[in-house]
Every structure is written in structure tokens, then in C-alpha cells.
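Working notes for the structure below.
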Amino acid sequence: MPTIVQTNPTLADVAHNIGTNSKVGAIIEVLNKRQDLLDDAVVLEANSGTHNKTSVRSGLPKGTWRKLNYGVQPEKTSRVQVSDSTGQLTSYSEVDKTLYDLQGENKKQWRSEEDAGFLEGMSQEVMENIIYGDVAGDVSTFNGLATRYNHLIDPETGVAPANAVNILDAGGTGTDNTSIYIVQWGREKTHLFYPQGTQAGLDIQDKGQQTVLDAQGGRYEAMRTYFQWDVGLSVRDWRSVVRIANIDVSELSKDASTGANLIDLLDEALSLLPLAGSARTAIYMNRTVNQALKGQVNHFKNVRLTLEDFRKDGSRKIQAWDGEPIRICDVILNTEARVV
Numbered sequence: 054m055p056t057i058v059q060t061n062p063t064l065a066d067v068a069h070n071i072g073t074n075s076k077v078g079a080i081i082e083v084l085n086k087r088q089d090l091l092d093d094a095v096v097l098e099a100n101s102g103t104h105n106k107t108s109v110r111s112g113l114p115k116g117t118w119r120k121l122n123y124g125v126q127p128e129k130t131s132r133v134q135v136s137d138s139t140g141q142l143t144s145y146s147e148v149d150k151t152l153y154d155l156q157g158e159n160k161k162q163w164r165s166e167e168d169a170g171f172l173e174g175m176s177q178e179v180m181e182n183i184i185y186g187d188v189a190g191d192v193s194t195f196n197g198l199a200t201r202y203n204h205l206i207d208p209e210t211g212v213a214p215a216n217a218v219n220i221l222d223a224g225g226t227g228t229d230n231t232s233i234y235i236v237q238w239g240r241e242k243t244h245l246f247y248p249q250g251t252q253a254g255l256d257i258q259d260k261g262q263q264t265v266l267d268a269q270g271g272r273y274e275a276m277r278t279y280f281q282w283d284v285g286l287s288v289r290d291w292r293s294v295v296r297i298a299n300i301d302v303s304e305l306s307k308d309a310s311t312g313a314n315l316i317d318l319l320d321e322a323l324s325l326l327p328l329a330g331s332a333r334t335a336i337y338m339n340r341t342v343n344q345a346l347k348g349q350v351n352h353f354k355n356v357r358l359t360l361e362d363f364r365k366d367g368s369r370k371i372q373a374w375d376g377e378p379i380r381i382c383d384v385i386l387n388t389e390a391r392v393v
């Protein structure tokens with residue numbers, strides 16, 4: 054079995070370590086083909102069962118100007134202990150046994166393709182939670198990026214939270230807003246995680262032939278597959294994420310005469326990120342914003358938007374902004390409430 058020594062492994066790297074011929078390795082291959090974010094995200098094993106406990110930096114020492122014959126007081130980095138939990142997403146695939154048998158010699162391949170549809174649906178659900186997950190609304194999930202970067206002023210304290218400086222206000226005031234999320238993926242930055250002792254938090258079980266019920270309570274024979282995905286999100290350094298919020302989609306224009314100037318906002322957002330080091334940076338936006346960005350780039354004849362090859366297999370080129378990949382993320386809504 055190959056050993057992964059990479060500092061910031063993706064889900065594909067974890068699959069390589071497990072073995073791509075295994076059931077879990079096969080699942081990961083399917084997931085990677087359906088979600089570009091999984092090409093970027095660093096995926097690590099949790100350090101406390103189903104939880105990942107991290108020490109999040111909340112302040113930096115400033116140092117002291119020392120006079121001769123005078124000492125200085127020792128300082129240390131301010132840190133807050135944070136414990137993030139995984140959420141468990143499960144699903145069952147059930148295909149009619151007669152339909153399965155009708156596939157003849159290709160029935161196993163046909164069943165795998167049917168199961169792949171369930172995996173795609175699960176991957177969409179996980180992506181939605183990476184953006185919008187909110188434990189306060191559903192304790193079985195995990196907190197996503199929008200939940201963590203959701204206030205310019207804390208409504209309880211009346212004070213701006215530390216990460217408010219990484220939320221750019223694009224000016225939208227209604228309820229037809231969207232956001233762009235820029236993430237530095239890394240062990241010390243932002244990463245996904247899975248429970249200790251599991252194979253990337255993924256499990257697939259062939260339950261074989263089962264008697265199941267239809268919507269009217271009638272019984273029939275089906276081939277059942279069980280899927281389970283345990284996953285969580287950890288933001289160890291809040292500076293590693295920037296949210297461009299309050300982008301009013303109804304006001305977007307090619308010349309930026311109305312609505313957000315996406316070119317200026319992207320440049321400002323990237324300037325807020327700390328040095329990436331070994332981390333991977335990626336930009337996530339939906340198709341509406343991407344089309345508007347291309348319109349503004351063409352209007353202003355801006356050259357920062359390019360086509361680059363970021364995939365490991367070199368199969369296709371994707372858009373990049375100042376060299377950072379742009380990922381089209383369809384789960385990002387056009388109906389976000391205003392961030393205040």
C-alpha cells in the first residue's frame with residue numbers, strides 16, 4: 054500500500070493511501086468527479102474521535118520597545134480552544150431486483166452507475182453544509198463558512214468580531230444577495246476532517262437483496278446499498294477565509310455602473326489573505342456571479358482572468374484569478390440575507 058507523505062492531503066490523496074481499488078477508494082473517485090471543491094480541500098483525520106480540537110489564534114504578540122537597563126514582560130500568542138464536530142450523512146440506494154436482473158452481464162456496472170447518482174446527491178448535501186451548515190439550526194450537521202463569517206457587528210455584543218475584517222460588503226441590501234468565498238486550504242488554515250479510525254469517514258455496504266416497501270406500502274424485492282459519510286469543517290486560522298458578501302445579483306452589470314465591482318472586490322479580497330505557504334487557495338462563486346465577472350472583465354479588458362490547468366490529470370483547463378483557481382459552486386445561493 055502506498056504511503057502519503059503530503060502535508061496537505063486532498064480526498065484523492067487519502068484514497069490513494071487507502072487504495073483506489075477498495076470500496077472507499079472507488080467512492081472517492083466518484084465524489085471527486087462531481088465536486089471541484091474536493092480537488093482543493095485538505096482532508097485530515099480528527100484528533101479526538103468524531104471531534105477535531107484546535108487552538109485558534111485570536112491575537113498576536115506585539116513585542117516591546119526596550120530601554121537600556123530595563124526589562125520587558127514576556128508575551129505569548131492569544132489562542133482560543135475550539136472543538137468542531139463531524140456530521141453524519143447517510144443514504145440507501147434501492148433498485149428493483151427485476152430491473153437489476155434485466156441488465157444481464159452488465160448488471161453490476163449498471164448498479165454502480167445507479168449508486169453513483171446517490172453519491173452525487175450526497176456530495177451536493179455536503180457542499181451545502183460546507184457553505185451554509187449551522188449547528189444552531191440542526192445539531193446533526195456542522196458549521197459552514199457562511200455561518201462562521203456572518204456578522205460585521207456581533208448582534209449580542211455590539212462589537213465587530215475579529216473575522217469581520219475578512220468580510221467585504223459589496224453593498225447589497227435586499228434578500229437577493231450572494232457571496233464569493235475565498236479559502237486557503239491547509240493543515241494550519243482551513244480543512245475538512247473525518248472521524249478517527251475510519252477510512253476518510255466514508256462507508257459503503259452492499260446489503261444485497263431486501264424486501265422493501267413502495268409509497269403505498271406494497272412489498273417488492275430490491276437490491277440495497279448503504280452509504281455513510283462522516284465529515285466536518287475546521288477553520289484553524291480565521292484569516293484563511295474571505296467572504297465577499299452582499300452581492301446583489303439583480304444589480305450586477307457589465308460596466309459595474311450598478312451593483313458590485315467584482316474585479317475590485319476580488320483584488321481586495323485576495324490582498325486580505327496571509328501568505329499561503331504550502332496551503333492551496335481557491336475561489337468559490339456561483340454561475341450567476343461568474344457570468345457577471347466575465348462580462349466585467351471583457352468590458353474593462355482586464356487580464357487577471359485566465360485559463361489554467363489545476364487538475365492533477367490535466368484533463369481540462371479552468372478559470373483563474375491572478376493565478377488562483379475559480380470553482381463554480383452551484384450550492385451558493387442567490388437568496389442570501391444581507392450580512393450586517
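The numbers in the sequence shown follow the working numbering, run straight up by one, and end at 393.
For glycine and all other residues, C-beta sits at the position ideal for the given N, C-alpha and C.
Since this is a predicted model, take the numbers as computed values, not measurements.
Spatial neighbours of residue i in its chain, beta-carbon cut-off 7 Å, leaving aside the 5 residues before and after
{"i": "Asn85", "result": "Leu64, Ala65, Leu91 and Asp92"}
{"i": "Lys370", "result": "Leu360, Glu361 and Asp362"}
{"i": "Asp267", "result": "Tyr273"}
{"i": "Trp282", "result": "Leu142, Met175, Val179, Gly254 and Leu255"}
{"i": "Arg164", "result": "Val148, Tyr153 and Met276"}
Same chain, Cβ closer than 8 Å to residue i, neighbours up to 5 away in sequence not counted
{"i": "Leu326", "result": "Ile235, Gln237, Arg292, Ser293, Val295 and Thr334"}
{"i": "Arg340", "result": "Ile381 and Asp383"}
Under 9 Å between C-beta atoms of residue i and residue j
{"i": "Ala223", "j": "Gly312", "result": "yes"}
{"i": "Ile385", "j": "Ile184", "result": "yes"}
{"i": "Val342", "j": "Ile233", "result": "yes"}
{"i": "Leu319", "j": "Ile300", "result": "no"}
{"i": "Leu358", "j": "Ala345", "result": "no"}
{"i": "His204", "j": "Ala94", "result": "no"}
{"i": "Arg456", "j": "Glu147", "result": "Residue 456 falls outside the range modelled here, since the chain spans only 54 to 393, and no answer is possible."}
{"i": "Ala217", "j": "Thr200", "result": "no"}
Secondary structure of residue i, DSSP reduced to three states
{"i": "Glu274", "result": "strand"}
{"i": "Gly261", "result": "strand"}
{"i": "Ser232", "result": "strand"}
{"i": "Phe280", "result": "strand"}
{"i": "Ile220", "result": "strand"}
{"i": "His244", "result": "strand"}
{"i": "Gln162", "result": "helix"}
{"i": "Ser306", "result": "coil"}
{"i": "Leu172", "result": "helix"}
{"i": "Arg296", "result": "strand"}
{"i": "Gln237", "result": "strand"}
{"i": "Arg380", "result": "strand"}
{"i": "Tyr185", "result": "helix"}
{"i": "Glu167", "result": "helix"}
{"i": "Tyr153", "result": "helix"}
{"i": "Val67", "result": "helix"}
6 Å CB neighbourhood of residue i in its chain, flanking five on each side removed
{"i": "His352", "result": "Lys307 and Asp308"}
Closer than 8 Å: residue i CB and nearest the ligand MN heavy atom
{"i": "Pro214", "result": "The model depicted lacks the ligand MN and carries no ligand whatsoever."}
#### Entry: Runs of beta strand (DSSP E) lying entirely within the region 318–372, each at least 3 residues, in chain order
333–338 and 358–361
Meets three-Cβ-pair contact criterion under 8 Å: the region 276–290 and the region 136–149
yes
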